Amino acid sequence: MRFIRLDPAPVVVSCGVIAGQSASADLAARLEESGSRSRRMDRYASLGWAAASAALQSAGRAPLQSGDSTWGLILGSSLGCGASNAEYLHDLDHRSAADLSPALFSRTVANAVNGEISIAHGIGGISQTLVSGWAAGAEAVAEAAALLAEGRLRFALAGGVEAPDEPIQRTHAMLRHAPERRWLPPVLAEAAAVCLLTIERAGPIRIRAFWRGHDPRGKWSLSRALQDLSSPSIGSVVVVNAVPPDVVERWRHEARGVRLVHLQESFGEVGAAGAPLALATADRWMEGMPHDDGILLVSRGVEGGTAALVVSR
Amino acid sequence: MLPRRRVVVTGLGAVSAAGRGVLPFWSACVEGRSVLRPIARFDASEFGSPLGGEVPDRSAGVERIGEELATGFALDAAREALQHAGLVVDAPATPTGLVVGTCLGEAEVAFRFLRACAPEAPGEMAPGVRLGGFTGPSTRLAETLRLEGPVLTLSSACASGTAATGLAADCIRRGESDVMLACGVEILSRFVASGFWLLRALASGPVRPFDRRRDGLALGEGAGALVLEEREHALRRGAGVLAEVLGSGSSGDAHHMTGPSPTGEGMVRAIEGALRDARTSPDAVGFISAHGTGTPYNDRMESIAIKRVFGERAFRIPVTSIKPIVGHTLGAAGALEAILSIQVLREGIVPPTINYGEPDPECDLDYVPNSARRHATSCALSCSSAFAGNNATLLLTAP
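Chains as they are written, first to last, in my numbering: chain A, 1 to 313; chain B, 1001 to 1399.
Here is the structure:
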């Protein structure tokens, strides 16, 4: 297991979060404040746009000119624009071709959220949309942090967006009860968390290292990870997504006294938005830890995509 | 700063409308032989009966995985690439990672799930419905080929294949893995054809990139796979080095969701990003594989961008589009065009842009019209553009 250490370690300047019970109200308020363009977005793009806008507003920073190539945008999502795809496919199955909507078709690409944020805020640098499953948000934050450490970006918005609408949640819930399943992943919830990262400013949290890999059989070893991470020493392990209980138990055993918390128990299963959400709430997971200790955020998808971020003050 | 290891290409694999393998793909390109035919897989008459680049005999190949065609294409291309690289197929001795670039992934799996979400869908789940459209190809490739490195899926619409190759190279540079498979894959579906038809982007006849008469593109499908390797790792095991990935670039237009920036600014940023990443100057570039879809806006934008970056030299660099030959393969296009670029470096032959007849004053570069040309060069640039204003570029050099 090779953690990639980031030197310089990018700083998390600010985060924008649209999640939980207030998500719809928060999103509606942001849409109300904004121009007509944002009202044309689908839920997926508008969630991402709102979280990105909140992060920029909170930081008081934005690209100085439209198309600024020093600003990048790296996002992750497991479902992407699934709701728009379902709507377009439904129309395709039930209407004549002439009655289909070109505007709706343009929303059926997973990187639509990048496009909308890029247009709204003038972000012109590296733009990527990772769709590797629930770990995609952690992968995106890792990628952004690496690009900053390499000097290829000065600022990066990085995070995750999940927008399962009611039909997707309902269908996913039915899949949970497929007879061959030995473990039931929880019902999906919508959320967006986007963080502004840079190496040019001070900030409360730094991303020190990351690891990305594939672990379909749940053999990822927390003890090996902790062994590899002698500095900073890890004070808490935050398991971001729902993982089978036997895996959590094994990790708890391997943690050997290091506190292990399960974020999904607090926020619901927010897929790829989970790791960025954990990053946005890192202070909460650092409570009571020695100042120099870090936390290890572990994000894992049902297909085995696994990513870990090491974060410290 | 993070370590910056050198990344080389040691294996190539392709599945396209020209057939299975790099050889039929390259032969069609060099011969300027279009393999586009009227779309047969579904009734495309409602979309003006466009031409399409369908993989012949979809059910052939080494192995089919149920109806999972994208996975089948990707797997065939990946196995060819691994074999070409001299790595053990299905059990790479070195931990190997994977980046798959795709628009829809395993589209039929995604569609089954999405149809199950419809309001009129029955309350009981039909067999075969599951999540994992995007990740279908990457998950199955990782499982079948026993890949243990990072397994990432990236979706930047039509720039996905190029962006995936750049990301895979970055994974090696940073030390995440010594060997990575980069793969772009897409299948041709009614879903995609209808959308391009709605946007009036399908050609009414032959696809004519950069020609004054151009009026759209033809869709295609397939997969391209490249084995990327840390240079010292490749040399230690005596692998044949086909090319080096010097750098990659990416940008957002920050302009429009479906139309490219008319000034070409986004593409300029992506090309300049690759040059900066490669720490090389525009003077090094001797061949450009263009996105060249054959749509009026894209080809004009791309020509402007090339002139803005390369200045007077732009008129002396051969620029080729293979879209009239195999079609626009969306998520696979960037990977197939990276393979094409490497073949140009190796063979010293530039495939033509076919169906070119009437010059457009706004597209006034050397598009290698209609016949292949001998042209030795050591550095190639491959460009891709996409919906949502994404652009991606790759800079490749001879070893």
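Glycine included, C-beta positions come from ideal geometry on N, C-alpha and C. Please read all numbers here as calculations on a predicted model, not as lab measurements.
query: Does the distance from the C-beta atom of L1181 of chain B to that of G1101 of chain B stay below 8 Å?
result: On the second sequence, position 181 is the one that residue 1181 of chain B refers to. On the second sequence, position 101 is the one that residue 1101 of chain B refers to. Contact flag unset, no.
- prompt: Measuring CA to CA, which of B:G1184, B:F1111 and B:G1166 is closest to P1137 of chain B?
  reply: The sequence position of residue 1137 of chain B within the second sequence is 137, counting from 1. Measuring from the Cα of P1137 of chain B, the nearest candidate turns out to be B:G1184.
- prompt: Who are the neighbours of P109 of chain A on chain B, taking C-beta pairs under 8 Å?
  reply: As a working note, residue 109 of chain A is residue 109 in the first sequence. Going by the sequence as given, residue 109 of chain A is Val instead of Pro. Those within 8 Å of V109 of chain A in chain B are C1103, S1155, A1157, A1386, F1387 and A1388.
message: Between R300 of chain A and chain B, is any beta-carbon pair separated by less than 8 Å?
response: As a first step, residue 300 of chain A is located in the first sequence; it is residue number 300 there, counting from the start. By this cut-off, R300 of chain A is not an interface position.
task: Tell whether a beta-carbon distance below 8 Å holds between L263 of chain A and V238 of chain A.
output: Counted from its first residue, the first sequence places residue 263 of chain A at position 263. Counted from its first residue, the first sequence places residue 238 of chain A at position 238. Between L263 of chain A and V238 of chain A, the C-beta gap is smaller than 8 Å, which places the two residues in contact.
field: Status (buried if at least 16 other CB within 10 Å, exposed otherwise) for S223 of chain A
entry: Position 223 of the first sequence, counting from 1, holds the residue named residue 223 of chain A. S223 of chain A is exposed by the Cβ-count criterion.
message: By DSSP's criteria, Q128 of chain A is part of a beta bridge. Which residues make up the other side?
response: Taking the first sequence and counting its residues from 1, the one referred to as residue 128 of chain A is at position 128. BP columns for Q128 of chain A point to A:I74.
field: Coil, strand or helix - I1339 of chain B by DSSP
entry: What you label residue 1339 of chain B is simply residue 339 of the second sequence in a count that begins at 1. Correct three-state label for I1339 of chain B: helix.
Cβ neighbour criterion (16 or more within 10 Å) applied to V1088 of chain B: Counted from its first residue, the second sequence places residue 1088 of chain B at position 88. Exposed, since its Cβ has fewer than 16 Cβ neighbours within 10 Å.
field: Top-ranked residue by Cα proximity to S1289 of chain B, from B:I1187, B:G1105 and B:T1377
entry: As a working mapping, residue 1289 of chain B is identified with position 289 in the second sequence. For S1289 of chain B, the nearest C-alpha among the options comes from B:T1377.
- prompt: My guess is that V1350 of chain B and T1320 of chain B are in contact by the Cβ rule of under 8 Å, so how many angstroms apart are they, rounded?
  reply: Taking the first residue of the second sequence as 1, we reach residue 1350 of chain B at position 350. Taking the first residue of the second sequence as 1, we reach residue 1320 of chain B at position 320. Rounded, the Cβ-Cβ distance is 6 Å, consistent with contact.
- request: Please state whether DSSP places C1103 of chain B in a helix, a strand or coil.
  value: Locating residue 1103 of chain B in the second sequence gives position 103, where the first residue counts as 1. C1103 of chain B falls in the coil class under three-state DSSP.
task: Per DSSP, which residues does M1180 of chain B bridge with? Please list them.
output: Translated into positions along the second sequence, residue 1180 of chain B becomes position 180. According to DSSP, M1180 of chain B shares a beta bridge with B:G1097 and B:L1228.
Chain B contact residues for N241 of chain A, given Cβ-Cβ distances below 9 Å: For the purposes of this step, residue 241 of chain A is taken as the residue at position 241 of the first sequence. What N241 of chain A touches in chain B, judged by beta-carbon distance under 9 Å, is nothing: the nearest beta carbon there is about 14 Å away.
- prompt: Taking DSSP as the reference, what is the three-state secondary structure of P164 of chain A?
  reply: On the first sequence, position 164 is the one that residue 164 of chain A refers to. Collapsing the DSSP output to three states places P164 of chain A in coil.
- request: Take R201 of chain A as the anchor and find which of A:G274, A:I117 and A:V13 has the nearest alpha-carbon.
  value: As a first step, residue 201 of chain A is located in the first sequence; it is residue number 201 there, counting from the start. Among A:G274, A:I117 and A:V13, the Cα nearest to that of R201 of chain A belongs to A:V13.
message: Let me check understanding here. Comparing Cα to Cα, which of B:V1344, B:L1395 and B:S1384 lies closest to R1373 of chain B?
response: The count along the second sequence starts at 1 and reaches residue 1373 of chain B at position 373. If we check each option's Cα against that of R1373 of chain B, B:V1344 comes out closest.
message: Distance cutoff 8 Å, beta carbons only. Does V1062 of chain B sit that close to anything in chain A?
response: Position 62 of the second sequence holds residue 1062 of chain B. In this predicted model, V1062 of chain B has a pLDDT of only 46, less than 50, meaning its place in the structure is not dependable; the value taken from the coordinates is given anyway. Closer than 8 Å: no.
Under 8 Å between C-beta atoms of V1151 of chain B and G1132 of chain B: For the purposes of this step, residue 1151 of chain B is taken as the residue at position 151 of the second sequence. For the purposes of this step, residue 1132 of chain B is taken as the residue at position 132 of the second sequence. Their beta carbons are not under 8 Å apart, which means V1151 of chain B does not touch G1132 of chain B by this criterion.
task: For the alpha helix (DSSP H) containing H262 of chain A, list its first residue and its last residue.
output: Sequence index remark: in the first sequence, residue 262 of chain A carries index 262 (1-based). Going by DSSP, H262 of chain A is part of no alpha helix (DSSP H) but of the beta strand (DSSP E) stretching over R259 to H262.
message: Any C-beta of chain A within less than 7 Å: which residues of the region 1239-1252 of chain B qualify?
response: Among the residues of the region 1239-1252 of chain B, those with a Cβ less than 7 Å away from any Cβ of chain A are S1250, S1251 and G1252, in the order of the chain.
- request: Indicate the three-state DSSP secondary structure (helix, strand or coil) for S1194 of chain B in the structure shown.
  value: Stepping through the second sequence from its first residue, residue 1194 of chain B is reached at position 194. Helix.
query: Which stretch, first to last residue, makes up the alpha helix (DSSP H) that contains C1171 of chain B?
result: Reading the second sequence from its first residue, position 171 is the one you call residue 1171 of chain B. Where C1171 of chain B is concerned, the enclosing alpha helix (DSSP H) stretches over S1160 to R1174.
- request: Could you say if the region 67-76 of chain A and the region 136-154 of chain A meet the contact criterion of at least three C-beta pairs nearer than 8 Å?
  value: Verdict: yes, contact present.
message: Taking the straight line between their C-alpha atoms, what separation do you get for L1188 of chain B and R1173 of chain B?
response: Along the second sequence, read from residue 1 onward, the residue named residue 1188 of chain B stands at position 188. Along the second sequence, read from residue 1 onward, the residue named residue 1173 of chain B stands at position 173. L1188 of chain B and R1173 of chain B have their C-alpha atoms some 34 Å from each other.
message: Does any residue of chain B have a CB that is nearer than 8 Å to the CB of E269 of chain A?
response: The residue you call residue 269 of chain A lines up with position 269 of the first sequence. Answer no: the Cβ-Cβ gap between E269 of chain A and chain B never drops below 8 Å.
query: In or out: V1062 of chain B buried (at least 16 other Cβ within 10 Å) or exposed?
result: Against the second sequence, residue 1062 of chain B aligns to sequence position 62. Per-residue confidence for V1062 of chain B stands at a pLDDT of 46, beneath the threshold of 50, marking its modelled position as unreliable; no derived number is given.
- request: Have a look at L1036 of chain B and A1314 of chain B and give me their C-alpha separation to the nearest angstrom.
  value: Translated into positions along the second sequence, residue 1036 of chain B becomes position 36. Translated into positions along the second sequence, residue 1314 of chain B becomes position 314. If you take the alpha carbons of L1036 of chain B and A1314 of chain B, they lie about 30 Å apart.
message: Against chain A, does P1150 of chain B count as a neighbour if the rule is that its beta carbon must be under 8 Å from one of theirs?
response: Mapped onto the second sequence, residue 1150 of chain B falls at position 150. With 8 Å as the cut-off, P1150 of chain B counts as an interface residue toward chain A.
- request: Report the neighbours of S66 of chain A on chain B: residues whose CB is nearer than 8 Å to its CB, in chain order.
  value: As a working note, residue 66 of chain A is residue 66 in the first sequence. The answer, in chain order, is A1254.
message: Quick check on L1228 of chain B - is its C-beta less than 8 Å from some C-beta in chain A?
response: Translated into the one-based positions of the second sequence, residue 1228 of chain B becomes position 228. Taking Cβ atoms only, chain A never reaches closer than 8 Å to L1228 of chain B, which makes this a no.
query: How big is the Cα-Cα spacing for C1117 of chain B and L130 of chain A?
result: Stepping through the second sequence from its first residue, residue 1117 of chain B is reached at position 117. Stepping through the first sequence from its first residue, residue 130 of chain A is reached at position 130. Within the model, the alpha-carbon separation for C1117 of chain B versus L130 of chain A is close to 23 Å.
field: Short CB-CB distance (under 8 Å) between D293 of chain A and chain B
entry: The residue labelled residue 293 of chain A in the question sits at position 293 within the first sequence. So no, D293 of chain A is outside the interface.
- prompt: How about D1277 of chain B and S1303 of chain B: are their beta carbons less than 8 Å apart?
  reply: Walking along the second sequence from the start, residue 1277 of chain B turns up at place 277. Walking along the second sequence from the start, residue 1303 of chain B turns up at place 303. No. Outside cutoff.
- prompt: Rounded to a whole number of angstroms, what is the C-alpha to C-alpha distance between E303 of chain A and A9 of chain A?
  reply: Mapped onto the first sequence, residue 303 of chain A falls at position 303. Mapped onto the first sequence, residue 9 of chain A falls at position 9. Going by the C-alpha atoms only, they are around 30 Å apart.
Stretch pair the region 298-312 of chain A + the region 207-224 of chain A: three plus CB contacts closer than 8 Å: Judged by Cβ distances under 8 Å, the region 298-312 of chain A makes contact with the region 207-224 of chain A, as three or more pairs qualify.
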